[in-house]
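K.L.:
Just passing along the structure, written as structure tokens.
Residue numbers (full-length UniProt numbering): 1 to 330.
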């Protein structure tokens, strides 16, 4: 059974404010670096005994615990006042990477060293494993997190390996992708055993589209005056069925062999029908973006491995539910 607590930290002093918290939500996505947490808080302009709530404000730190295990730690970024409540939103330490812009040049620098250098400038703890490529590029007025994503994409295109990027306990963690299979177990009360949340999925909605499909890949190099096609990869059978859908990507400092490898890897990534499945589950802390769930549910047609793309937890009145978007793992 869940036992969530909200801890407010100001000037290194900790204060448990759980009893004054209403609806609580936290969410993350594989497309966005970092996690967001929001909650409503009792507030009053007339009750003198509630004046202390004004001390919970922008720039303070918030920690979410469940059974004394840390689930979130971040900075209060926004607050909205109503008559008797306040809505608070906090982001984890990826906030600085998502909001800060920089001018940076890398010349044949190892990808892991480049990412470490970026994070060092903003005092963000980082762990990078398994990267072997180099990066040569000038970034002008670019958001830090976008630069890191671009360096990872360069690594993936060059090596054909996938990588995972996420915040873990305040540390930006980048590592070779491996399936992190989790069990979504839910316990409603102390005297009731845990159940598999996947067996009680509701509000299942499935959508399929070729909108983002690309069946022909061109890899080019050069500048604004001269453009050379270095490599091409395409699926002729797919083109015959769906029509020509082209993706063009420009690369610098790459050999023809590397460009050919990038084209093949990009075609493998984009040459597919997109499928998004949204559903609601009974809440479990194991659910978060980037994790794998194994379904075997004949009623809603979900069977096999699915990747969590987006995940939003809601906890209110002791009820914990989770809205997720998933896709089939190829």
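Ideal placement from N, C-alpha and C gives every residue a C-beta, glycine not left out.
Kindly indicate which three-state DSSP category residue 116 falls into: helix, strand or coil?
P.N.:
Three-state result, residue 116: helix.
K.L.:
Classify residue 285 as helix, strand or coil using the three-state DSSP reduction.
P.N.:
Note: residue 285 maps to coil in three-state DSSP.
K.L.:
Between which two residues does the beta strand (DSSP E) harbouring residue 183 extend?
P.N.:
Where residue 183 is concerned, there is no enclosing beta strand (DSSP E), given that its DSSP letter is neither H nor E.
K.L.:
Whose CA, out of 305, 195, 229, 237, lies closest to the CA of residue 250?
P.N.:
Nearest option by C-alpha distance: 229.
K.L.:
Would the beta-carbon of residue 110 fall within 9 Å of that of residue 83?
P.N.:
It is not a contact, given that the beta carbons lie outside the stated cut-off.
K.L.:
Inspect the beta-carbon positions of residue 313 and residue 26 and report whether they are closer than 9 Å.
P.N.:
Contact: yes.
K.L.:
With which residues is residue 85 paired in a DSSP beta bridge?
P.N.:
Answer is 42, bridged to residue 85.
K.L.:
Can at least three beta-carbon pairs, one atom from the region 268-288 and one from the region 174-194, be found at a separation below 8 Å?
P.N.:
The region 268-288 is in contact with the region 174-194.
K.L.:
Among the candidates 210, 297, 268, whose CA atom is the shortest distance from the CA of residue 201?
P.N.:
Residue 201 has its Cα closest to that of 297, out of 210, 297, 268.
K.L.:
For residue 177, is the classification buried or exposed, using 16 other Cβ atoms within 10 angstroms of its Cβ as the cut-off for buried?
P.N.:
Exposed, because fewer than 16 other Cβ atoms sit within 10 Å of the Cβ of residue 177.
K.L.:
Return no unless some Cβ of chain C is closer than 9 Å to the Cβ of residue 112.
P.N.:
Included in the structure is just one protein chain, with no chain C present.
K.L.:
Just to confirm my understanding: we take residue 9, look at its own chain, exclude 5 residues before and 5 after, and list those with CB closer than 7 Å. What are they?
P.N.:
If we look at residue 9 and ignore the five residues flanking it on each side, its Cβ neighbours are 60, 61, 63.
K.L.:
Would you check whether the ligand SAM has a heavy atom nearer than 8 Å to the C-beta of residue 320?
P.N.:
With respect to the ligand SAM, the structure shown offers nothing to examine, as it has no ligands at all.
K.L.:
So the beta strand (DSSP E) residue 66 belongs to, where does it begin and stop?
P.N.:
That run of the beta strand (DSSP E) goes 61-66.
K.L.:
Does DSSP put residue 173 in a helix, in a strand, or in coil?
P.N.:
Looking at residue 173 - three-state DSSP - the assignment turns out to be strand.
K.L.:
Counting C-beta neighbours from all protein chains within 10 Å, is the total for residue 283 16 or more, i.e. buried, or is it exposed?
P.N.:
Result: buried.
K.L.:
Is there contact between the region 162-178 and the region 125-135, where contact requires at least three CB pairs shorter than 8 Å?
P.N.:
Contact between the region 162-178 and the region 125-135 is present, because at least three Cβ pairs lie under 8 Å.
K.L.:
Name the DSSP beta bridge partners of residue 26, please?
P.N.:
Looking at the DSSP assignment, residue 26 forms a beta bridge with 37, 313.
K.L.:
Exposed or buried, what is residue 68 when buried is set at 16 or more other beta-carbons lying within 10 Å of its beta-carbon?
P.N.:
With fewer than 16 other Cβ atoms within 10 Å, it is exposed.
K.L.:
Could you check which residue in 194, 74, 208, 117 has the C-alpha nearest to that of residue 34?
P.N.:
Nearest option by C-alpha distance: 74.
K.L.:
Taking the alpha carbon of residue 86 as the reference point, which residue from 98, 100, 104, 50 has its own alpha carbon closest?
P.N.:
If we check each option's Cα against that of residue 86, 50 comes out closest.
K.L.:
Are the region 261-271 and the region 142-162 in contact at 8 Å, needing three or more beta carbon pairs?
P.N.:
Touching, per the Cβ criterion.
K.L.:
Apply the 10 Å Cβ neighbour rule to residue 56 and answer buried if 16 or more other Cβ atoms are within range, or exposed otherwise.
P.N.:
Counting Cβ neighbours within 10 Å, residue 56 comes out buried, since at least 16 surround it.
K.L.:
In the structure shown, what three-state DSSP assignment does residue 11 receive?
P.N.:
It is coil, neither helix nor strand.
K.L.:
Note down, in chain order, each residue of its chain lying with its Cβ closer than 6 Å to the Cβ of residue 320, except the 5 sequence neighbours on either side.
P.N.:
Answer for residue 320: 2, 283, listed in chain order.
K.L.:
Quick check on the burial criterion: 16 or more other C-beta atoms within 10 angstroms. Buried or exposed for residue 122?
P.N.:
Residue 122 is exposed by the Cβ-count criterion.
K.L.:
Measuring CA to CA, which of 172, 277, 32, 243 is closest to residue 207?
P.N.:
When only C-alpha atoms are compared, the closest one is 277.
K.L.:
I need the boundaries of the alpha helix (DSSP H) containing residue 123, first residue and last residue.
P.N.:
It is not in any alpha helix (DSSP H) - residue 123 carries neither H nor E in the DSSP assignment.
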